[in-house]
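Student:
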Amino acid sequence: MSVLDLSIDALLTTTRSVRKRLDLSRPVEPEVIRECLDIALQAPTGGNSQDWHFVVVTDPELRQALATLYRKGAARYVELMTPVFQQRMATSSQEAKARARMIDSGQYLSEHLHEVPVHVIPCIQGRTDQLPIVAQCFAWGRFCLPP
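Convert by adding 72 to the 1-based position in the sequence shown; the result is the number in the numbering used here.
(1) By Cβ distance below 6 Å, which residues in the same chain neighbour Y180 in space, the five residues on each side in sequence not counted?
(2) With 16 as the cutoff for other CB atoms within 10 Å, does D77 come out buried or exposed?
(3) Would you mind giving the Cβ-Cβ distance between S89 and S177, rounded to the nearest angstrom? I have them listed as a contact below 8 Å.
(4) Within 10 angstroms of the Cβ of L217, are there 16 or more other Cβ atoms? Answer buried if so, exposed if not.
(5) Where does L185 land, buried or exposed, given buried means 16+ other C-beta within 10 angstroms?
(6) Check whether the segment 124-132 touches the segment 188-202, counting contact only when three or more Cβ pairs, one atom from each stretch, lie closer than 8 Å.
(7) If you check the beta carbons only, do I196 and W124 fall under 8 Å apart?
(8) Quick check: F157 and R171, are their CB atoms within less than 8 Å of each other?
(9) Quick check: what's the CA-CA separation for L141 versus V150?
(10) For V150, which of helix, strand or coil comes out of DSSP?
(11) To the nearest angstrom, how far is it from the Cα of Q114 to the Cα of E167?
(12) Can you check which of these residues, S182, I111 and N120, is closest to A146 by C-alpha distance?
Here's what the structure looks like:
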């Protein structure tokens with residue numbers, strides 16, 4: 073793997089979606105997964121409440137099942153958001169190009185999610201559906217989920 077001479081600022085401000093550039097056939101060693109989780113556990117949490125855990129999925133059949141669920145949710149999201157996207161795209165050709173790239177990238181993820189060698193799923197312990205909406209926002213907002 074090549075190493076780039078980038079500062080943290082440059083890395084964080086110039087790196088965009090990498091969905092189409094990942095080598096999905098490359099295995100991920102368990103030590104790497106553990107290291108990533110160790111780092112993730114250092115992140116601050118809202119209300120200093122660590123009422124969460126991670127589920128790591130490497131089994132191909134389970135990854136396929138998760139991808140199927142994801143595709144169902146993604147289809148519903150696209151259905152709901154298409155009018156919003158169309159309105160935004162109509163206001164600016166630059167917005168239209170950026171949105172088209174985002175939609176294409178999201179479609180790619182949906183089609184290839186089952187190929188991702190490791191799925192790490194953040195889980196909140198307990199239920200949130202009976203909480204006031206603001207408390208639900210705080211509960212679900214504790215995670216930063218990458219695409």
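Note that beta-carbon positions come from the ideal geometry of N, C-alpha and C, so glycine has one too.
Every value quoted in this text rests on a predicted model; they were computed, and no experiment measured them.
Tutor: In brief:
(1) The residue labelled residue 180 in the question sits at position 108 within the sequence shown. Hits under 6 Å: R91 and K92.
(2) Taking the first residue of the sequence shown as 1, we reach residue 77 at position 5. Classification for D77: exposed.
(3) The residue you call residue 89 lines up with position 17 of the sequence shown. The residue you call residue 177 lines up with position 105 of the sequence shown. Indeed they touch by this definition, with Cβ atoms about 5 Å apart.
(4) Translated into the one-based positions of the sequence shown, residue 217 becomes position 145. Low confidence applies here, because L217 scores a pLDDT of 49, under 50, leaving its location unreliable; read the following figure in that light. So L217 counts as exposed.
(5) Here residue 185 refers to the residue found at position 113 when the sequence shown is read from its first residue. Burial call: buried.
(6) yes
(7) Your numbering for residue 196 matches position 124 in the sequence shown. Your numbering for residue 124 matches position 52 in the sequence shown. Against a cut-off of 8 Å, the Cβ pair of W124 and I196 comes out as a contact.
(8) Residue mapping note: residue 157 aligns to position 85 of the sequence shown, counting from 1. Residue mapping note: residue 171 aligns to position 99 of the sequence shown, counting from 1. Yes, they are a contact pair.
(9) Against the sequence shown, residue 141 aligns to sequence position 69. Against the sequence shown, residue 150 aligns to sequence position 78. One C-alpha to the other measures close to 14 Å.
(10) For this step, residue 150 is matched to residue 78 along the sequence shown. Helix, per DSSP.
(11) As a working mapping, residue 114 is identified with position 42 in the sequence shown. As a working mapping, residue 167 is identified with position 95 in the sequence shown. So the alpha carbons of these two residues sit roughly 36 Å apart.
(12) On the sequence shown, residue 146 is found 74 positions in, with the first residue counted as 1. Minimum Cα distance to A146 is reached at S182.
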